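S.K.:
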Amino acid sequence: METQRWKTGSGTEDPADPDACDNVNRSDTRNGLAHGCAIPIVFGMVTELGHFALILAFLVAIVQSVVPMVGAHKRWPGWMAVAEPAATVQFLLTGFSFVALTYAFVTSDFSLKLVWQNSHSAKPMIYKISGVWGNHEGSMLLWVLILTLFGAMAAWFGNGLPPTLRARVLAVQSSVAVAFFAFILFTSNPFLRLAVPPFDGQDLNPLLQDPGLAFHPPFLYLGYVGLSICFSFAVAALIEGRVDAAWGRWVRPWTLAAWVFLTIGIALGSWWAYYELGWGGFWFWDPVENASFMPWLLAAALLHSAIVVEKREALKSWTILLAILAFGFSLIGTFIVRSGLLTSVHAFANDPERGVFILMIMIFFTGGALTLFAARASRMEAKGVFGVASRESALVANNILLAVSCFVVFIGTMWPVVAEMFFDTKLSVGAPFFNMAFTPFMVVLGLLLPLGSMLSWKRAKVGRAFKQLLPGFILSVLVLGLFWTVQTGNSLLGPVGMFLGTWIVSGAVLDLVNRLGQTRDWSRLFRLPRSDWGKATAHIGFGITMVGIAGLMAWEQEDIRVAQIGEPFQVGDFELELTAVNEVRGPNYFSTMGDVIVRQDGEQIAVLNPEKRNYPVAQMPTTEAAIDYRVLRDLYVVIGDEQDNGGWVMRTYIKPLANWIWAGSILMALGGTLSLSDRRYRVAAGTRRQAAEPSGVPAE
Amino acid sequence: MIGVWTVAARIRACALILCLAVAFPMATPVMAVQPDEVLDDPALEERARDLSKGLRCVVCQNESIDESNADLARELRLVVRDRLVEGDSDEQVVQYLVDRYGEFVLLKPRTDGWNIILWLAAPALFLIALGVGIFYVRSRAAATEPTEMRLSEDEEKRLNELLRES
Chain A
1 METQRWKTGS GTEDPADPDA CDNVNRSDTR NGLAHGCAIP IVFGMVTELG
51 HFALILAFLV AIVQSVVPMV GAHKRWPGWM AVAEPAATVQ FLLTGFSFVA
101 LTYAFVTSDF SLKLVWQNSH SAKPMIYKIS GVWGNHEGSM LLWVLILTLF
151 GAMAAWFGNG LPPTLRARVL AVQSSVAVAF FAFILFTSNP FLRLAVPPFD
201 GQDLNPLLQD PGLAFHPPFL YLGYVGLSIC FSFAVAALIE GRVDAAWGRW
251 VRPWTLAAWV FLTIGIALGS WWAYYELGWG GFWFWDPVEN ASFMPWLLAA
301 ALLHSAIVVE KREALKSWTI LLAILAFGFS LIGTFIVRSG LLTSVHAFAN
351 DPERGVFILM IMIFFTGGAL TLFAARASRM EAKGVFGVAS RESALVANNI
401 LLAVSCFVVF IGTMWPVVAE MFFDTKLSVG APFFNMAFTP FMVVLGLLLP
451 LGSMLSWKRA KVGRAFKQLL PGFILSVLVL GLFWTVQTGN SLLGPVGMFL
501 GTWIVSGAVL DLVNRLGQTR DWSRLFRLPR SDWGKATAHI GFGITMVGIA
551 GLMAWEQEDI RVAQIGEPFQ VGDFELELTA VNEVRGPNYF STMGDVIVRQ
601 DGEQIAVLNP EKRNYPVAQM PTTEAAIDYR VLRDLYVVIG DEQDNGGWVM
651 RTYIKPLANW IWAGSILMAL GGTLSLSDRR YRVAAGTRRQ AAEPSGVPAE
Chain B
1001 MIGVWTVAAR IRACALILCL AVAFPMATPV MAVQPDEVLD DPALEERARD
1051 LSKGLRCVVC QNESIDESNA DLARELRLVV RDRLVEGDSD EQVVQYLVDR
1101 YGEFVLLKPR TDGWNIILWL AAPALFLIAL GVGIFYVRSR AAATEPTEMR
1151 LSEDEEKRLN ELLRES
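Residue numbers (this note's numbering), protein chains in the order written: chain A, 1 to 700; chain B, 1001 to 1166.
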């Protein structure tokens, strides 16, 4: 197989054959492409070098997973020292391999099977690049690239770690990489060549040709795979047999970073679904969405419990368990997506062999880590003592709620499989179940959040905290009453969502104000540690997302009709008029585009262009909704088929507060980033930067 | 227009649609409910929409008949509306479809038989977790703080270093 690949690899760009060069040129002119033939003599080998680099990285990973581990056990500094350069080299090799594959996509090298299957010469450049990870093999290469990136970062920023812990963390991280390198090389090699390179490719699934989706996978993977570092820290600590406040401080930034990326990734995916799939749904409880949501929930739990470890040296074994489970759920997610066990839009590779391979990886790492946990967890005795009413207890409640809601998602996602395997019934678990079973836990979480985050450490007085929150509570009740009376219909969802949102946002603001102390010295606000700002921002974001979801779900208006050209119609407060429908040509698609004028109170406020696209190469139609984005509502217009008796099917939606969902997500991510940049992590991370700001209010 | 299609072309188109339905179910451009399906009676139409949202398009992945533009979903939407116009109650309509397509058609599983596990697992786990949590918190409250929390030698050194830096 190897030799064959080498032979066929030179098919288009055989340096010894000048005719081959001419052929390339001719076919390229036909495609209207402008890459010559002089360069490929050198660059045609890039693919092979990329393949070779991947194999080398695999070998380096094996060394890195064994040598430092032995070194840490035997206390041999030389062996432990292997870890850092190995992690760097592993990352660089994988990075080169990824660049090589990207190069093949960018230059439309259709002698590569993967490029042929997922690209097309007429595709816009950005989607040629995003096509690298818009398929199974490429996305796994991205997965492992990010895995090695985190490994390398742990090596670079790990100066402050005890040498044995550092060696073990890097070794564990690398052992995960070994498994995934093997997976790629043995079941999903992206560098396979075609014997006869075709003139052009089969194009990328047009739905994936979208800016929102181009960057969805990288962010998601940064989050998913970022949790691997927390996993490595947990396993290393178990092997080490020592978890202390410092451990909590080391793990927390990684968790925060992973969670921030996961938040952005999920928000991007949800936003894409909202505008691309044509009816403005933002969350479908699809198995694959759930696969990314479960690690998100656990990462959220983990970044809260790690605070308790860091500040109070309690909840240690639980935090270790969470770190293992969070990455375990990332692996489950990868398994769900890649095996096609639960088929969905994302499962572009339904291959049982690959599924079994990932299942083995998952069982080995999660099972192994949990066994280690069972054997060692009892050693982590807690030190901190705290009262029943305390911040610690509140964070325990936070963790219970987040972990149980993750379990709801898990059992709902897996239940159809379980039912079919054990009870021989085929059934479905869809959005109605999740909405009903998941929401209560989020409501309770929202109710407790402001109070819990106001409680002081060790021993708190609930009454006092509530008194500080009283203005926020009164405001929230007023909001509840207002929406209750104003809204038409009697859905509980809307008013309750508004109440919770107001309660959380005002709670976070009051928490900040409260940090100023009795004197209300506002200048202190800017001297508060960034983690305080991060906490407030992220909580406000959570509240805003809640408001958005509740508002959209409770008060959406929909209109379906056959619209005649030139005949205005009324939807809610808006008057819409379809003025024309044109055929438009895009770079790699044909489009039927409507011109829709929107008026409010007789004044024109927007011209919208909903489209129906057809991608001839991929032979697939898509809808492009036109959306007039406003702060308080989106106006969402979709054009459908032309009717036999004239007119076009049009759907119009008024979507209240839709933007708040993603605005809230952005705030959550921003809050996480602020917290991440807090001085104590910069110091703890070992970067020798001098902190410029005056040490204002001490961190809690 | 269909008249000019050759049989082969139509078969190919059908096969394509079938493929799409399997590979990219929720991704097909959504034209779901068509204007000609909408009932004149708004109350009945609203009930039909609510019911449709809980019924799975059985040839799609995780998509309700309300969202799907598959032919079968359209047929089911029409069935739902026919039954409602005939005067069926919501339960009768759902039962009518379950009789024909099995419980697979329900997006919200029933609460009988084994499904009770699905519905009760999370609340049960919540209660257990709550119990364990309360036990843990109380035990922490009752514990005594270690008299002294000494820094290790390494930590002492590092602390001094940091103090010097700032």
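Beta carbons are placed, not taken as given, at the ideal position from N, Cα and C, and that holds for glycine. Just so it is clear, the structure is predicted and the values come from calculations on it, not from any experiment.
Spatial neighbours of residue 313 of chain A within its chain, please: C-beta separation below 7 Å, excluding the five flanking residues on both sides.
M.R.: For residue 313 of chain A, where only same-chain residues beyond five positions count, the Cβ hits under 7 Å are 244, 245, 382, 383, 384.
S.K.: Report the partner residues of residue 613 of chain A according to the DSSP bridge assignment.
M.R.: The partner list for residue 613 of chain A (beta bridge, DSSP) reads A:591, A:622.
S.K.: Does any CB atom of chain B fall closer than 8 Å to the CB of residue 601 of chain A?
M.R.: Cβ-Cβ to chain B under 8 Å: no for residue 601 of chain A.
S.K.: Helix or strand or just coil, what does DSSP make of residue 574 of chain A?
M.R.: Here residue 574 of chain A sits in strand by DSSP.
S.K.: Check for me: the beta strand (DSSP E) holding residue 654 of chain A runs from which residue to which?
M.R.: Element bounds for residue 654 of chain A: 648 to 656.
S.K.: What residues are listed by DSSP as bridge partners for residue 629 of chain A?
M.R.: According to DSSP, residue 629 of chain A bridges with A:634.
S.K.: Distance check for residue 603 of chain A and residue 580 of chain A, CA to CA, integer angstroms please.
M.R.: In a straight line, the C-alpha of residue 580 of chain A is about 19 Å away from that of residue 603 of chain A.
S.K.: Under 8 Å by Cβ, that's how I've got residue 294 of chain A and residue 168 of chain A pegged, so tell me the actual separation to the nearest angstrom.
M.R.: So it is not a contact: roughly 27 Å between Cβ atoms.
S.K.: Starting from residue 569 of chain A, follow its DSSP beta bridges and name the residues at the other end.
M.R.: Looking at the DSSP assignment, residue 569 of chain A forms a beta bridge with A:576.
S.K.: Please confirm if residue 1021 of chain B has its CB atom under 8 Å from at least one CB of chain A.
M.R.: Bear in mind that the predicted position of residue 1021 of chain B carries a pLDDT of just 28, short of 50, making it unreliable; the figure below should be weighed with that in mind. Not an interface residue.
S.K.: What separation, rounded to the nearest whole angstrom, lies between the Cα atoms of residue 611 of chain A and residue 628 of chain A?
M.R.: Straight-line Cα distance between these residues: approximately 14 Å.
S.K.: Check the Cβ of residue 1136 of chain B against every Cβ in chain A and list those closer than 8 Å, keeping chain order.
M.R.: Ordered by position in chain A, the residues that pass the 8 Å Cβ test against residue 1136 of chain B are 396.
S.K.: Closer than 7 Å, Cβ to Cβ, to anything on chain A: give me those residues from the stretch 1066 to 1091 of chain B, in chain order.
M.R.: Within the stretch 1066 to 1091 of chain B, the qualifying residues are 1067.
S.K.: For residue 582 of chain A, which residues does DSSP report across the bridge?
M.R.: Answer by DSSP bridge pairing, in chain order: A:593.
S.K.: Please confirm whether residue 1109 of chain B has its beta-carbon closer than 8 Å to some beta-carbon of chain A.
M.R.: For residue 1109 of chain B, the answer is yes, since a Cβ of chain A falls inside 8 Å of its Cβ.
S.K.: Using beta carbons (cut-off 8 Å, strictly below), is residue 681 of chain A in contact with chain B?
M.R.: No, no contact with chain B.
S.K.: Straight-line CA distance for residue 262 of chain A to residue 221 of chain A?
M.R.: In a straight line, the C-alpha of residue 262 of chain A is about 8 Å away from that of residue 221 of chain A.
S.K.: Who are the neighbours of residue 332 of chain A on chain B, taking C-beta pairs under 9 Å?
M.R.: Near residue 332 of chain A there are no residues of chain B at all, since even the closest Cβ is about 17 Å away, more than 9 Å.
S.K.: So residue 562 of chain A is in the beta strand (DSSP E); what residue range does that whole segment cover?
M.R.: From DSSP, the beta strand (DSSP E) with residue 562 of chain A extends over 557 to 563.
S.K.: Can you give, in chain order, each stretch of the alpha helix (DSSP H) that sits fully within the stretch 391 to 475 of chain A and has at least 4 residues?
M.R.: As far as the stretch 391 to 475 of chain A is concerned, its whole alpha helix (DSSP H) runs of at least 4 residues are 391 to 422, 431 to 454.
S.K.: Please confirm if residue 1103 of chain B has its CB atom under 8 Å from at least one CB of chain A.
M.R.: Residue 1103 of chain B counts as touching chain A.
S.K.: Helix or strand or just coil, what does DSSP make of residue 313 of chain A?
M.R.: If DSSP states are grouped into helix, strand and coil, residue 313 of chain A belongs with coil.
S.K.: Between residue 590 of chain A and the ligand ZN, is there a pair consisting of the residue's CB and a ligand heavy atom that are separated by less than 7 Å?
M.R.: This structure does not include the ligand ZN; it has no bound ligands of any sort.
S.K.: Any idea if residue 433 of chain A is buried or exposed, counting beta-carbon neighbours within 10 angstroms, 16 or more meaning buried?
M.R.: Burial call: buried.
S.K.: Determine whether the Cβ of residue 1129 of chain B lies closer than 8 Å to any Cβ atom of chain A.
M.R.: For residue 1129 of chain B, the answer is yes, since a Cβ of chain A falls inside 8 Å of its Cβ.
S.K.: The beta strand (DSSP E) with residue 608 of chain A in it runs from where to where?
M.R.: Start and end: 603 to 608.
S.K.: Look at the alpha carbon of residue 349 of chain A and the alpha carbon of residue 113 of chain A, and state the distance between them as a whole number of angstroms.
M.R.: Residue placement at residue 349 of chain A is poorly supported in this model, since its pLDDT is 47, which falls under 50; the coordinates still yield a value, given next. If you take the alpha carbons of residue 349 of chain A and residue 113 of chain A, they lie about 15 Å apart.
S.K.: Find the nearest neighbour of residue 1048 of chain B within the set B:1033, B:1061, B:1062, judged by alpha-carbon distance.
M.R.: Comparing Cα positions, the closest option is B:1033.
S.K.: To which residues of the same chain is residue 416 of chain A closer than 8 Å at the C-beta, ignoring the five residues directly before and after it?
M.R.: Closer than 8 Å at the Cβ level, and outside the excluded window around residue 416 of chain A, lie 342, 426, 427, 428, 429.
S.K.: With burial defined as no fewer than 16 other Cβ atoms inside 10 Å of the residue's Cβ, what is the status of residue 143 of chain A: buried or exposed?
M.R.: Flag for residue 143 of chain A reads buried.
S.K.: At 7 Å on the CB atoms, spell out the chain B contacts of residue 705 of chain A, in chain order.
M.R.: This structure gives no information on residue 705 of chain A, because the portion of chain A shown stretches from 1 to 700.
S.K.: Note the first and the last residue of the continuous alpha helix (DSSP H) segment covering residue 514 of chain A.
M.R.: Residue 514 of chain A -> alpha helix (DSSP H) spans 493 to 514.
S.K.: Considering only the alpha carbon of each residue, which of A:549, A:552, A:471 lies closest to residue 513 of chain A?
M.R.: Looking at the Cα atoms, A:471 is the closest of the given residues.
S.K.: Spatial neighbours of residue 1004 of chain B within its chain, please: C-beta separation below 8 Å, excluding the five flanking residues on both sides.
M.R.: With a pLDDT of 34 at residue 1004 of chain B, under the threshold of 50, the modelled position of that residue is not reliable, and the figure given next carries that caveat. So no residue of the chain qualifies.
S.K.: Considering residue 163 of chain A, what are the terminal residues of the alpha helix (DSSP H) in which it resides?
M.R.: Here the alpha helix (DSSP H) through residue 163 of chain A covers 163 to 187.
S.K.: Taking the C-alpha atoms as reference points, what is the distance between residue 526 of chain A and residue 1071 of chain B?
M.R.: Spanning the two alpha carbons is a distance of roughly 60 Å.
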